[in-house]
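2 protein chains.
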Amino acid sequence: MATLSDIAKKAAVSKMTVSRVINHPEKVSAELRKLVLTAMRELNYVPNYAARALVKNRTQVIKLLILEEMDTTEPYYMNLLSGIAIELDKHHYALQLVTRNSRAIGNCDGLIITGMRAGDYDEIIDQMDRPFILFGQNDRGYDYVDVDNEEGTELTTKHLIHLGFKRILFFGIDLKEPFMLARAAGYKKTMSASGLGPELFFMKNSSHVAQEEAAKQLTGRCPKTAVVCASDRIAIGVVRAGLALGLHIPDEAAITGFDGVFLDRISCPKITTIRQPIIEMGKVCARRLLQKIHQGGDKIGNLTFEPELIIRESTIKKPNLH
Amino acid sequence: MATLSDIAKKAAVSKMTVSRVINHPEKVSAELRKLVLTAMRELNYVPNYAARALVKNRTQVIKLLILEEMDTTEPYYMNLLSGIAIELDKHHYALQLVTRNSRAIGNCDGLIITGMRAGDYDEIIDQMDRPFILFGQNDRGYDYVDVDNEEGTELTTKHLIHLGFKRILFFGIDLKEPFMLARAAGYKKTMSASGLGPELFFMKNSSHVAQEEAAKQLTGRCPKTAVVCASDRIAIGVVRAGLALGLHIPDEAAITGFDGVFLDRISCPKITTIRQPIIEMGKVCARRLLQKIHQGGDKIGNLTFEPELIIRESTIKKPNLH
DNA sequence: TTATCACATGTTATCGGTAACAACATTTCA
DNA sequence: TGAAATGTTGTTACCGATAACATGTGATAA
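Protein chains in written order, with my numbering: chain E, 1 to 322; chain B, 1001 to 1322.
Structural data, given as structure tokens:
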């Protein structure tokens, strides 16, 4: 492995000039710069990040703190993880996965935090002494990255209204967190705007629980019912309930989900959903955190992704495949 | 952050003695050792891994090289990834995710390689100049970690025979790779041993393709047919085909999968499968690679995990839930 | 012409560790 | 008893980079 000194020797300059070419190229004359760059290319130079970290008093480690109790098999977090990992990697930062308990182990340059609940702010987040970004909207003024949750359910609700449904239910997760309140708000707002009466139900984020609840709500009564679900997991349960009741999907019952991470595609029929580009969001989150670190930890602002409506067989017979 | 020098000052010894207490405690007198350890505790000492990496000429980076074209949303790889990440993290190694194209970017101390196909050995794996471990069995004599694929399909096939099925098909993936051949072999061997005629079909690892193929094979003919599938993805397709044909599962058609990573649980009915403890396997893989690196890269041998049969509704009406 | 300044480049010290060797004390054994 | 072996601790140099400062050059202005 070639080092700074090797390049310096080859280009007949000092180590410092080589270092400058890398970090402050404008401070080196064009002539020497070219010499050095050529030498670097010829010797296939790769900087030693450990050395740089040492002298800059950095760890080159970013922690991903997942506060929610999570199932490691959950594709949602796996996608987030890989998005972050890919981006950090590009900038030669390492990712350390930590939880509530292990969060203090080892040093780091910054954190990405997700899965926070109301109680976590006082206890954990307010106490942070490093730059961080929250993955998920919050109303405490902390920098975050999220999808526009309210617009997401607006899109699905409007879609169902367009299809002619009059009875449209909302199946949410029983958490009073900003993302959930926003999804419920998007639904309520759209229903009111169309003069329809909202009916909201809240439950655990589980397909089985949702299936039971849906079985009750879809029985008899109205021949055409649609359900706006706050997650694909819940939507899967509702689809199953519909099939079990012998309802024709999407004519007698239409269902929309939220997330668009894997689950939507393995259901049968496939689920119309709001796609959150989690991998991309993870990348952006990492990128913004690094930027925040490099600018000394100053506030960097929020980033809200536009939600994307993916139409599938749970609402339309032959959707345009893409 | 306290450093070696801080500890040394506090304990009134030299830096070197502190370093020895950490790396070669037997070379330091019990008296001084205690002094140093106390100082370390009091100052809450955490070693600087960048500095150590620098002086030991290590990168503290392990690459995970995935040769197979992969869907990043695939829970299988996500589990592997997180298993490896958790273990590496414990030893303060960073994980870098690379593919065929990006594999040469950046330096590393070792690699975990997976998804290799026959052609990859000459081109890539034989040329490696760092210690590595393959995730997945191979017949080239390279160290690997895998589940016992042959025994896996033996277990599922025997299970179906026990249930009284006489016509038992095998749905495999159309790859002539060791893991696939082993899964086919486990099936064939068990069928022969019971005097039953094997029928093998090979296809793309896709639930839709499997559904089409199963639709053909499950129609008419035999009132009771079972299918041993080489992946849960294929099994999901077969289950759907069975339901579409109006067959009663598990009486008229029974299906087993392979992998036990998420997919098996979201199917309805849930799928009897061979569980591969991927997260645990990833951890072990990382642990063995580090061991291999520390012992200078010498061969370390293979590790084969025992497969575990998980019985669910696709083969038994009311399985014992656990 | 010469003091001053800006700019380009080199020198030195340093980050936090560890290896190699030196120095000293203590045993061991002829 | 004293030379050699052994064990414990300290000194020095170095890993590969960068910051801070020092030096040297030519241009500019008084």
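Backbone N, C-alpha and C define an ideal beta-carbon position, used for all residues, glycine too. These numbers come from a predicted model, not from an experiment.
> Is leucine 1097 of chain B helix, strand or coil by DSSP?
Replying inline: strand
> With a CB to CB cut of under 7 Å and the five nearest residues on each side skipped, what residues in its chain are close to proline 1178 of chain B?
Replying inline: Gln1137, Asn1138, Asp1139
> Do valine 1227 of chain B and isoleucine 1266 of chain B have their C-beta atoms within less than 7 Å of each other?
Replying inline: no
> In three-state DSSP terms, what is valine 1147 of chain B?
Replying inline: strand
> Going along chain E in order, which residues have a C-beta closer than 8 Å to the C-beta of leucine 1218 of chain B?
Replying inline: None at all; the shortest Cβ gap to chain E is about 16 Å.
> Going along chain B, which residues have a C-beta under 7 Å from isoleucine 255 of chain E?
Replying inline: Result: empty, since nearest Cβ-Cβ is about 15 Å, beyond 7 Å.
> Comparing alpha-carbon positions, which option in E:Ala94, E:Ser102, E:Gln211 lies nearest isoleucine 66 of chain E?
Replying inline: E:Ser102
>> The alpha helix (DSSP H) that contains phenylalanine 179 of chain E, what's its start and end?
In response: 178 to 193
> Beta-carbon of leucine 1097 of chain B versus every beta-carbon of chain E: anything under 7 Å?
Replying inline: yes
>> Once DSSP output is grouped into helix, strand and coil, what is the label at alanine 1012 of chain B?
In response: coil
> Does DSSP classify lysine 317 of chain E as helix, strand or coil?
Replying inline: coil
> Once you ignore the five residues that flank glutamate 1231 of chain B on each side, which residues in its own chain have a CB closer than 7 Å to its CB?
Replying inline: The residue asked about is misnamed: residue 1231 of chain B is serine in this sequence, not glutamate. Excluding sequence neighbours, serine 1231 of chain B sits near Ile1173, Asn1205, Gly1257, Phe1258, Asp1259.
>> Which of the three DSSP states is assigned to cysteine 1229 of chain B in this structure?
In response: strand
>> I'd like the list of long-range same chain contacts for lysine 1009 of chain B, defined as Cβ closer than 6 Å, with 5 residues on each side in sequence excluded.
In response: none
> Ordered along the chain, which non-local residues of its own chain (more than five positions away) have a Cβ less than 7 Å from that of leucine 352 of chain E?
Replying inline: With chain E covering 1 to 322 only, the question about residue 352 of chain E has no answer from this structure.
> Looking at C-alpha atoms only, which residue of E:Phe132, E:Ile234, E:Gln96 is the closest neighbour of glycine 296 of chain E?
Replying inline: E:Phe132
>> At the level of alpha carbons, what is the spacing between serine 1207 of chain B and lysine 270 of chain E?
In response: 13 Å
> In terms of DSSP beta bridges, what is phenylalanine 1135 of chain B paired with?
Replying inline: B:Thr1114, B:Val1145
> What is the rounded straight-line gap between the Cα of serine 1194 of chain B and the Cα of glutamate 1154 of chain B?
Replying inline: 12 Å
>> Does the contact criterion of 3 or more C-beta pairs under 8 Å hold for the region 108 to 121 of chain E versus the region 80 to 97 of chain E?
In response: yes
> valine 1239 of chain B to glutamate 1150 of chain B, Cα distance in whole Å?
Replying inline: 23 Å
>> So with CB distances below 9 Å, who are the chain E contacts of serine 1019 of chain B?
In response: Correct list: empty, because the minimum Cβ distance to chain E is about 16 Å.
> Listing by chain order, which chain E residues have their CB less than 8 Å from the CB of serine 1082 of chain B?
Replying inline: Thr72, Met78, Leu81, Leu97
>> Suppose you measure from the CA of tyrosine 187 of chain E to the CA of methionine 78 of chain E; what does that come to, to the nearest Å?
In response: 28 Å
> Span of the alpha helix (DSSP H) holding leucine 290 of chain E?
Replying inline: 278 to 294
> Which residues in chain B sit within 8 Å of threonine 3 of chain E, going by Cβ to Cβ distance?
Replying inline: The contacting residues do not exist; threonine 3 of chain E stays about 11 Å from chain B at best.
> Can you tell me the Cα-Cα spacing of threonine 992 of chain B and tyrosine 1049 of chain B, whole angstroms?
Replying inline: Not covered by the structure: residue 992 of chain B. The range shown for chain B is 1001 to 1322.
>> Counting only Cβ-Cβ distances shorter than 9 Å, please list the residues of the region 1037 to 1054 of chain B near chain E, keeping chain order.
In response: Val1046, Asn1048, Tyr1049, Ala1050, Ala1051, Arg1052, Ala1053, Leu1054
> Any idea if proline 1025 of chain B is buried or exposed, counting beta-carbon neighbours within 10 angstroms, 16 or more meaning buried?
Replying inline: exposed
> Closest Cβ-Cβ distance between proline 250 of chain E and chain B: below 7 Å?
Replying inline: no
> Which ranges does the beta strand (DSSP E) cover as unbroken runs of at least 3 residues, wholly within the region 1051 to 1077 of chain B, from first to last along the chain?
Replying inline: 1061 to 1066
> Between the beta-carbon of isoleucine 1279 of chain B and the beta-carbon of arginine 1288 of chain B, is there less than 7 Å?
Replying inline: no
>> For methionine 203 of chain E, report the span of its beta strand (DSSP E) as first-last.
In response: 199 to 203
>> When you compare the CB of cysteine 222 of chain E with every CB in chain B, is at least one pair closer than 7 Å?
In response: no
>> By DSSP's criteria, aspartate 259 of chain E is part of a beta bridge. Which residues make up the other side?
In response: E:Arg275
> By Cβ distance below 7 Å, which residues in the same chain neighbour cysteine 222 of chain E in space, the five residues on each side in sequence not counted?
Replying inline: Arg167
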